[in-house]
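Here's the structure, in structure tokens; my notes come after.
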Amino acid sequence: MAAGVHGGISDGSVVEGNSGRRAIAFTVALSERATSTVSLDYAVTPTSASRGSDFLAPTTPRRLTFVKGANGFTPVAKMVTVPVASDTASEGNETFAVVLSNPSVGVLLADAAGIGTIIDDETVRRPLMGAAVRSTTLAQEPGYADIAGTRFDLLTPENEMKWDVVEPQRGGFDFRAPDAIVTFAVTHGQTVHGHTLAWHQQNPAWLTAGGFTRPELIDILTNHIATVVGRYRGTVSVWDVVNEAIGDDASVRSSIWTTGIGTDAFDIAFRAARTADPNAKLYINDYNIEAPSRKSDALYALVAGMVARGVPIDGVGFQTHRTLGSISAPGLRSQFDRYAALGLDVAITELDVRVPVPASAADLAAQADTYAVARDACIAAPNCASITTWGFTDKHSWIPYFFTGLGAALPWDSNLQTKPAYDVIAPLLRN
Ligand code: XIL
Numbered sequence: 001m002a003a004g005v006h007g008g009i010s011d012g013s014v015v016e017g018n019s020g021r022r023a024i025a026f027t028v029a030l031s032e033r034a035t036s037t038v039s040l041d042y043a044v045t046p047t048s049a050s051r052g053s054d055f056l057a058p059t060t061p062r063r064l065t066f067v068k069g070a071n072g073f074t075p076v077a078k079m080v081t082v083p084v085a086s087d088t089a090s091e092g093n094e095t096f097a098v099v100l101s102n103p104s105v106g107v108l109l110a111d112a113a114g115i116g117t118i119i120d121d122e123t124v125r126r127p128l129m130g131a132a133v134r135s136t137t138l139a140q141e142p143g144y145a146d147i148a149g150t151r152f153d154l155l156t157p158e159n160e161m162k163w164d165v166v167e168p169q170r171g172g173f174d175f176r177a178p179d180a181i182v183t184f185a186v187t188h189g190q191t192v193h194g195h196t197l198a199w200h201q202q203n204p205a206w207l208t209a210g211g212f213t214r215p216e217l218i219d220i221l222t223n224h225i226a227t228v229v230g231r232y233r234g235t236v237s238v239w240d241v242v243n244e245a246i247g248d249d250a251s252v253r254s255s256i257w258t259t260g261i262g263t264d265a266f267d268i269a270f271r272a273a274r275t276a277d278p279n280a281k282l283y284i285n286d287y288n289i290e291a292p293s294r295k296s297d298a299l300y301a302l303v304a305g306m307v308a309r310g311v312p313i314d315g316v317g318f319q320t321h322r323t324l325g326s327i328s329a330p331g332l333r334s335q336f337d338r339y340a341a342l343g344l345d346v347a348i349t350e351l352d353v354r355v356p357v358p359a360s361a362a363d364l365a366a367q368a369d370t371y372a373v374a375r376d377a378c379i380a381a382p383n384c385a386s387i388t389t390w391g392f393t394d395k396h397s398w399i400p401y402f403f404t405g406l407g408a409a410l411p412w413d414s415n416l417q418t419k420p421a422y423d424v425i426a427p428l429l430r431n
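Note that the numbering used here has the sequence shown beginning at 1, numbered continuously upward.
Written as structure tokens, this is what we have:
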């Protein structure tokens with residue numbers, strides 16, 4: 001081995017693929033003999049076995065830098081998408097090799113190769129991975145802050161951008177809590193998913209009990225959006241402009257906005273957000289829409305109407321607060337695809353999978369399977385932009401407070417140890 005560097009590939013698998021792309025997950029590890037900082041290039045290349053010839057060419061090498069920590073080198077899980085030639089109808093046992101080389105000495109690490117198998121035939125994209133976070137916990141718990149800052153591409157303030165925090169008095173804004181999260185994200189090279197601008201909950205009493213006229217409410221709503229979205233222009237890349245517009249009865253929910261302004265309240269909100277930041281993606285976000293249902297149809301009708309009216313909406317957020325086994329790939333794809341047909345993105349915005357607590361090993365294994373359904377549906381859908389979990393550790397999760405007897409819904413446990421659900425999302429996370 002060159003210069004004492006010894007790299008290895010393990011856990012190779014092809015997560016998803018379609019006629020044009022393959023997503024390949026693998027883990028790179030370095031031997032402890034290596035010096036303190038090592039750069040490796042990795043490339044995915046066809047092998048001669050079975051349908052390996054589908055690959056057009058090895059990928060351009062990409063650089064991985066390992067820095068030795070107190071506990072040595074941490075293995076790095078990666079996912080790479082590679083272009084492939086037109087596919088045939090049949091799924092195959094296609095194989096690939098991940099090849100490591102050391103750029104400083106230009107020597108191939110000949111024994112550093114892994115083999116994987118095509119397991120699916122769907123379109124591939126790498127979604128951004130996100131987590132909802134709490135500003136106070138980021139400040140108080142270094143272990144929490146470390147995971148939040150290093151493993152995710154984007155952060156969602158769990159409560160800090162809600163109306164009662166940000167505008168506790170009419171026209172009196174308090175940005176301390178959201179600023180803390182935005183600053184943390186920028187410091188860590190992350191983007192922020194803003195949540196949320198027009199909702200029926202967590203609104204201050206001055207707003208809900210103010211007895212405002214329609215013109216006053218339009219002024220309040222547009223001023224709020226102009227101020228909040230304008231403040232974070234360029235750093236918040238996507239906004240949940242409207243949250244939970246459809247009720248459980250599948251009609252448009254009555255709220256301060258729909259009763260006080262009327263059916264055009266959401267159009268007004270989206271237009272105000274576009275004006276305040278023309279580059280931010282603007283989403284509508286809801287729960288229990290992950291499969292065909294009266295509610296998901298009602299949301300689709302609302303969104304399709306907006307698109308037809310030229311309202312500036314870019315995507316639909318699927319909260320995906322779920323129980324074991326309660327989502328399916330076909331169910332999710334049926335929804336993702338019809339928004340794609342409208343030209344819209346989708347995202348999994350608040351993923352968690354609650355189980356009875358204390359959680360059994362069997363339930364945690366089943367939970368990982370439910371996470372995998374969400375992951376694979378998003379990877380497979382060309383318009384699925386991101387997967388965000390609602391929190392990431394069971395220590396800080398809304399579930400036990402809102403669902404009696406249930407919890408343990410997230411990929412890290414309450415001691416920040418990883419669970420089977422973590423292994424499902426790990427190939428997509430930052431390292
Ligand atoms: C929840 C938070 O997680 C809790 O801390 C808070 O007490 C209530 O709100 N759908 C949403 C989120 O869109 O804003 C909610 O967040 C969870 C359900």
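The beta carbon of each residue, even a glycine, is placed where N, CA and C say it ideally should be.
Burial state of residue i, where buried means 16 or more other Cβ atoms lie within 10 Å
i       : result
Ser-135 : buried
Arg-354 : buried
Ala-385 : buried
Val-186 : exposed
Thr-156 : buried
Asp-394 : buried
Ala-272 : buried
Asp-435 : Nothing can be reported for residue 435: it is not among the residues displayed for the chain, which extend from 1 to 431.
Asp-345 : buried
Ser-237 : buried
Tyr-42  : buried
Ala-298 : buried
Gly-171 : exposed
Gly-72  : exposed
Asn-383 : buried
Arg-322 : buried
Ser-254 : exposed
Tyr-401 : exposed
Arg-63  : exposed
Thr-214 : The identity of residue 214 in the sequence shown is Arg, whereas the question assumes Thr. Classification for Arg-214: exposed.
Residue i CB to nearest heavy atom of ligand 1 below 7 Å
i       : result
Asn-159 : yes
Trp-206 : no
Trp-239 : no
Gln-319 : yes
Gly-350 : Checking the sequence shown, residue 350 turns out to be Glu, not Gly. Answer for Glu-350: yes, Cβ within range of ligand 1.
Trp-390 : yes
Trp-398 : yes
His-193 : no
Asn-203 : no
Asn-285 : yes
Asn-243 : yes
Residue i and residue j closer than 8 Å at C-beta
i       : j       : result
Asp-286 : Gly-230 : no
His-193 : Thr-388 : yes
Val-241 : Leu-302 : no
Ile-246 : Trp-412 : no
Pro-420 : Leu-364 : yes
Thr-150 : Arg-333 : no
Trp-257 : Leu-207 : no
Ile-268 : Ile-348 : no
Phe-26  : Val-99  : no
Thr-263 : Val-182 : no
Pro-250 : Lys-281 : Checking the sequence shown, residue 250 turns out to be Ala, not Pro. Contact: no.
Ile-284 : Val-316 : yes
Ala-426 : Ala-359 : no
Val-165 : Asn-159 : yes
Ile-138 : Thr-191 : Note on residue identity: the sequence assigns Leu, not Ile, to residue 138. Taking 8 Å as the Cβ cut-off, Leu-138 and Thr-191 do not qualify as a contacting pair.
heavy atom of ligand 3 below 7 Å from residue i C-beta
i       : result
Trp-412 : With respect to ligand 3, the structure shown offers nothing to examine, as its ligands consist of ligand 1.
Contacts around residue i, its chain only, beta-carbon distance under 8 Å, and the 5 residues preceding and following it disregarded
i       : result
Ile-327 : Glu-290, Ala-291, Thr-320, Thr-370, Val-373, Ala-374, Ala-377
Ala-89  : Interpretation of Ala-89 is limited by its pLDDT of 36, a score under 50 that renders its predicted location unreliable; no figure is taken from the coordinates.
Gly-405 : Pro-356, Val-357
Leu-342 : Val-303, Ala-304, Val-307
Thr-275 : Ala-226
6 Å CB neighbourhood of residue i in its chain, flanking five on each side removed
i       : result
Ser-48  : At Ser-48, the pLDDT of 40 sits below 50, so the modelled position is not reliable and the matter cannot be decided from this model.
Met-161 : Pro-178, Gly-194, His-195
Thr-74  : none
Val-67  : Thr-37
Asn-243 : Thr-196, Trp-199, Asn-285
Ser-414 : Asp-394, Lys-395
7 Å Cβ shell around residue i - same chain, five flanking residues per side excluded
i       : result
Tyr-300 : Arg-338
Val-424 : Ala-368, Tyr-371, Ala-372, Arg-375
Leu-410 : Asp-352, Thr-389, Gly-391, Phe-392, Thr-393, Asp-394, Ser-397
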